[in-house]
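Numbering (our numbering), first residue to last: 3 to 84.
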């Protein structure tokens, strides 16, 4: 897996990733959410009480595939804070 670009805003995160075709998107997103929430709760111990006992991420996510129009996706990701 490779993180190509990312943008972090107040209430959401946009990532442009490259994952192998054999990897399940569902499995990858579950692992990403699980591992990152554990890291956040270990670093900021007081935050777990504000997020319903370790439910940090929402259940849903959006995934789109990029083949030909990668520059448009990069522009969209880079300009999220504007």
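All C-beta atoms, glycine included, are put in the ideal place defined by N, C-alpha and C.
In this text, all values refer to a predicted model and were calculated from it rather than measured experimentally.
Next item on the list: Measure the CB-CB distance between residue 74 and residue 7 and report whether it falls below 8 Å.
Entry: no
Checklist line | residue 72 versus 3, 18, 14, 5, residue with shortest Cα-Cα distance | finding: The option with the nearest alpha carbon to residue 72 is 18.
Next item on the list: With DSSP as the reference, label residue 42 as helix, strand or coil.
Entry: Of the three classes helix, strand and coil, the one that applies to residue 42 here is helix, per DSSP.
Next item on the list: Below 7 Å CB to CB, which residues in the same chain sit around residue 76 once its five sequence neighbours on both sides are set aside?
Entry: 7, 18
Checklist line | Coil, strand or helix - residue 20 by DSSP | finding: strand
Item checked: Integer-rounded CB distance, given that residue 4 should sit under 8 Å from residue 107 -> With the chain running from 3 to 84 in the structure shown, residue 107 is simply not present.
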